[in-house]
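First up is the structure itself, then whatever we jot down about it.
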Amino acid sequence: MRASQLHIVTYRNDPADAEVTSHKLMARAGYIHKISAGLYVYGPLLWRTLRKISEIVRQELDGIGGQEVQLPILQDQALWERSGRWPVYQASRTMLTTKDRKDVVYGLAPTAEEVVTEYVAATTKSYKQLPLSLYQIHTKFRDEIRPRFGLMRVKEFIMKDAYSFDADEAGLDARYEAFRQAYVRIFQRAGVEAFGVDADPGDIGGSGSMEFMVAAEAGEDAILIEEGGEYAANVEKATSRLVPSPSAGEDERPLRIEDTPGIKTVEQLHGFFPAVTPDRMVKTVLVKAIWAEKEVPWAVLIRGDQEVNEVKLKNHTGGLALRMLTDAEIVELTGAEPGFAGPIGLSAAFSIVADHSVREMKNLLCGVNQTDKHALDVNPGRDFPLPRFADLRTARAGEPGPRTGAPLVVKRGIEVGHIFKLGTKYSAAMGAVFTDEGGRPKPFVMGCYGIGVSRVAASAVEQHADGMGIRWPVAIAPFEVAVANLTPKDEDLAAAAEGFYAALKAAGLDALIDDRPLAAGAKMKDMELLGFPFTVVVGRGYKAEGTVELRDRFAQTTESVQIDALVATVVERVTAARRGLLPA
RNA sequence: CGGGGAGUAGCGCAGUCUGGUAGCGCAUCGGUUUUGGGAACCGAGGGCCGCAGGUUCGAAUCCUGUCUCCCCGACCA
Numbered sequence: 024m025r026a027s028q029l030h031i032v033t034y035r036n037d038p039a040d041a042e043v044t045s046h047k048l049m050a051r052a053g054y055i056h057k058i059s060a061g062l063y064v065y066g067p068l069l070w071r072t073l074r075k076i077s078e079i080v081r082q083e084l085d086g087i088g089g090q091e092v093q094l095p096i097l098q099d100q101a102l103w104e105r106s107g108r109w110p111v112y113q114a115s116r117t118m119l120t121t122k123d124r125k126d127v128v129y130g131l132a133p134t135a136e137e138v139v140t141e142y143v144a145a146t147t148k149s150y151k152q153l154p155l156s157l158y159q160i161h162t163k164f165r166d167e168i169r170p171r172f173g174l175m176r177v178k179e180f181i182m183k184d185a186y187s188f189d190a191d192e193a194g195l196d197a198r199y200e201a202f203r204q205a206y207v208r209i210f211q212r213a214g215v216e217a218f219g220v221d222a223d224p225g226d227i228g229g230s231g232s233m234e235f236m237v238a239a240e241a242g243e244d245a246i247l248i249e250e251g252g253e254y255a256a257n258v259e260k261a262t263s264r265l266v267p268s269p270s271a272g273e274d275e276r277p278l279r280i281e282d283t284p285g286i287k288t289v290e291q292l293h294g295f296f297p298a299v300t301p302d303r304m305v306k307t308v309l310v311k312a313i314w315a316e317k318e319v320p321w322a323v324l325i326r327g328d329q330e331v332n333e334v335k336l337k338n339h340t341g342g343l344a345l346r347m348l349t350d351a352e353i354v355e356l357t358g359a360e361p362g363f364a365g366p367i368g369l370s371a372a373f374s375i376v377a378d379h380s381v382r383e384m385k386n387l388l389c390g391v392n393q394t395d396k397h398a399l400d401v402n403p404g405r406d407f408p409l410p411r412f413a414d415l416r417t418a419r420a421g422e423p424g425p426r427t428g429a430p431l432v433v434k435r436g437i438e439v440g441h442i443f444k445l446g447t448k449y450s451a452a453m454g455a456v457f458t459d460e461g462g463r464p465k466p467f468v469m470g471c472y473g474i475g476v477s478r479v480a481a482s483a484v485e486q487h488a489d490g491m492g493i494r495w496p497v498a499i500a501p502f503e504v505a506v507a508n509l510t511p512k513d514e515d516l517a518a519a520a521e522g523f524y525a526a527l528k529a530a531g532l533d534a535l536i537d538d539r540p541l542a543a544g545a546k547m548k549d550m551e552l553l554g555f556p557f558t559v560v561v562g563r564g565y566k567a568e569g570t571v572e573l574r575d576r577f578a579q580t581t582e583s584v585q586i587d588a589l590v591a592t593v594v595e596r597v598t599a600a601r602r603g604l605l606p607a
């Protein structure tokens, strides 16, 4: 490809609306152009990168038996009603919707479980046709509340979504593991450093899920990792070994109720009763779990020094969304001002659940649903009925990890992939069944597997950029090598550059020749900003000593190469860079 | 949705307080000279000052409304 014929548009300034590295650099290099919030044009250079990422995905998924298909983006409401997911996505308002001329309501695909399940149910009738893995690389839509960070959080993006159909759980387990391994290879080949973490399945649902995260400061997710790497999980899901309350094992003392005028928070209570540390208190958090047609108040008990994890709590309640009670609701439902709620004498209107951190506590302090009063030496089971226990706590950095007990450290990550064991959630709901060996109908056992293709590109930029611009991994660079002639008016040099370009292409490299009539400095800056892994600079060394420069963008090195050895040297370097990325 | 900020040439910005011919840098086009780190000079084109209404002899500037964009939060596969 000739740069003079490529739509290369670079800017000297960062766009005013960019915050993070990948957004600034991709906009400056002309890889993306914003049309409106969360909606971008992918320029020709970025499209080459996206195609290369897609091709790696295809090769790896085809390698584990995947078959590429294309599913509709417009998906009618009735189909989504059958899986039960329509009200869920309405509640979170994640889905963009539109109507046709007959007022049929459609959602724009945020994922495609319903469509693919419908398709497979209609076309797959026997266990002999299983397992089946289908995937597509297609545009997805999310009505993000706040799109930001360039391609990292957008309303419209390119996603690879795959769906597996098995006859039983064992088959799903095997498929899930095959996808997991394929994902590891995909990210390795693409040249981004990603790692798998335990995750919450969110609105997709299912029994197990793993996210693939690219470690980056700009990442929107917090990850807790055990030192030593034995355990890694999204904070939405993470657990830890909690240091027990010092009250565990104490003899039960008689209950007493004390006046605590205006004392509402854990800190204020500790100040008021200096002997009672937060880990001897129980907080009562009041929320409402929200469904389309109803709201249920919940009281959540948790040790005073811990925080409720809203994702875990939402999952426990089964609600489509959660919100805190308003002060007025608290007064109405508990009979006390906010800050005095507790498990003793709590209205039967509340569903009650306690975090495991409460389980071993004795002689604890809590509210009694009376303004300006708290109870001390409260004992669960004696002073209030033992509630159900669940993991509802937010794990924190520094706590011992659940696997080895090594301390948890926090990292930020960009989610580039997510795999889910769906089980029969969709097939059972939609009546998608096949006939098993015994002649009986059975719902398909499903998995689903996503990769944010455009987000992989953004995270690669985020992970590898330096002060001069982008540094693409060889496997996903728009071009592997660029030949830049610094003096295009010199016919000898121009001819030499053309010769190198032709030879590199003939050697099987994805090469670009920068034949634009730019000043040398401008051309170099462009090459650095655009981030091609290797640049051959044809300049004054050519005539003086018969050499050209070979610049390695990743290593940030420049070496002088004899012209006779150039092609072999570049082939060797590019091949070596590719090899590190290809599967063994 | 709450709080904050901003819309002026393709990009980055000044001008708004204090109303009076719409500017600067980069980019673009023509010319001359340059040619290894975003060249120099001469010349040119490009604007519904987000939109609508109001005040005024006169509005980018003041007032009202509205749309859009950005940041923080809430929220969010």
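If you read the first sequence in the working numbering, its first letter stands for residue 24, the second for the next number, and so on.
Positions of the beta carbon are idealized from the N, C-alpha and C atoms, including for glycine.
Keep in mind the model is a prediction, meaning the values are calculated, not measured.
Within the stretch 241-292, the runs of beta strand (DSSP E) at least 3 residues long that lie entirely inside it are, in chain order, 244-249, 255-257, 279-282. The Cβ atoms of residue 422 and residue 270 do not sit closer than 8 Å to each other.
Taking the Cα positions, residue 463 is about 10 Å away from residue 149. In the DSSP assignment, residue 552 falls outside any beta strand (DSSP E) and within the unbroken alpha helix (DSSP H) covering 543-553. As DSSP reads the structure, residue 570 sits in a beta bridge with 585. Proximity to residue 198 across 521, 529, 445 peaks at 445, based on C-alpha coordinates.
For residue 24, no beta strand (DSSP E) encloses it, and the DSSP letter there is neither H nor E.
The three-state reading of DSSP puts residue 175 in helix, counting H, G and I together. Only exposed fits residue 34, as fewer than 16 other CB atoms lie within 10 angstroms of its CB. Note that the C-beta distance between residue 160 and residue 80 is below 8 Å.
Leaving aside the five residues that flank residue 479 on each side, the residues in its chain whose CB is nearer than 7 Å to its CB run, in chain order, 76, 213, 215, 439. Of all alpha-carbon atoms in 367, 364, 314, 469, the one lying nearest the alpha-carbon of residue 342 is that of 314.
Listed in chain order, the non-local C-beta contacts of residue 172 below 6 Å within the same chain comprise 43, 46, local neighbours out to five positions each way being set aside. When DSSP states are grouped into helix, strand and coil, residue 345 belongs to the strand group. Cα atoms of residue 506 and residue 523: separation of roughly 7 Å, rounded to the nearest angstrom. With fewer than 16 neighbouring CB atoms inside 10 Å of its own CB, residue 169 falls in the exposed class.
Residue burial annotation: residue 337 is buried, with at least 16 other C-beta atoms found within 10 angstroms of its C-beta. Annotation for residue 46: the continuous alpha helix (DSSP H) segment containing it runs 44-51. Selection 292, 278, 356, 492 evaluated against residue 401 yields 278 as nearest (Cα-Cα). In this structure, residue 389 places its C-beta atom within 8 Å of the C-beta atom of residue 365. Annotation for residue 337: the continuous alpha helix (DSSP H) segment containing it runs 333-340. Between residue 560 and residue 572, the CB-CB gap stays under 8 Å. Between residue 193 and residue 459, the C-beta gap is not smaller than 8 Å, which leaves the two residues out of contact. In this structure residue 493 is buried. Its beta-carbon is surrounded by 16 or more other beta-carbon atoms within 10 angstroms.
Between residue 205 and residue 83 the beta-carbon gap is near 5 Å, inside 8 Å, which marks them as a contact. Of all C-beta pairs linking the stretch 419-438 to the stretch 355-370, fewer than three are shorter than 8 Å, placing the two stretches out of contact.
For residue 98, the enclosing beta strand (DSSP E) has its first and last residue at 97-99. Comparing alpha-carbon positions, the option among 232, 302, 346 lying closest to residue 115 turns out to be 346. Checking the DSSP bridge columns, you'll see residue 189 partnered with 468. Taken through DSSP and simplified to helix, strand or coil, residue 579 comes out as coil. The stretch 535-555 and the stretch 580-595 do not touch, with fewer than 3 CB-CB distances between them shorter than 8 Å. Taking all protein chains shown into account, residue 570 has 16 or more neighbouring C-beta atoms within 10 Å of its C-beta and is therefore buried.
Cβ contact annotation for residue 498 (same chain, cutoff 7 Å, sequence separation greater than five): 75, 79, 212, 213, 214, 601, 604, in chain order.
Under DSSP, residue 115 forms no beta bridge with any residue. The distance from the Cβ of residue 41 to that of residue 50 is about 6 Å, consistent with a contact at the 8 Å cut-off. Around the beta carbon of residue 302, a 10 Å sphere encloses 16 or more other beta carbons of the protein chains shown; the residue is thus reported as buried.
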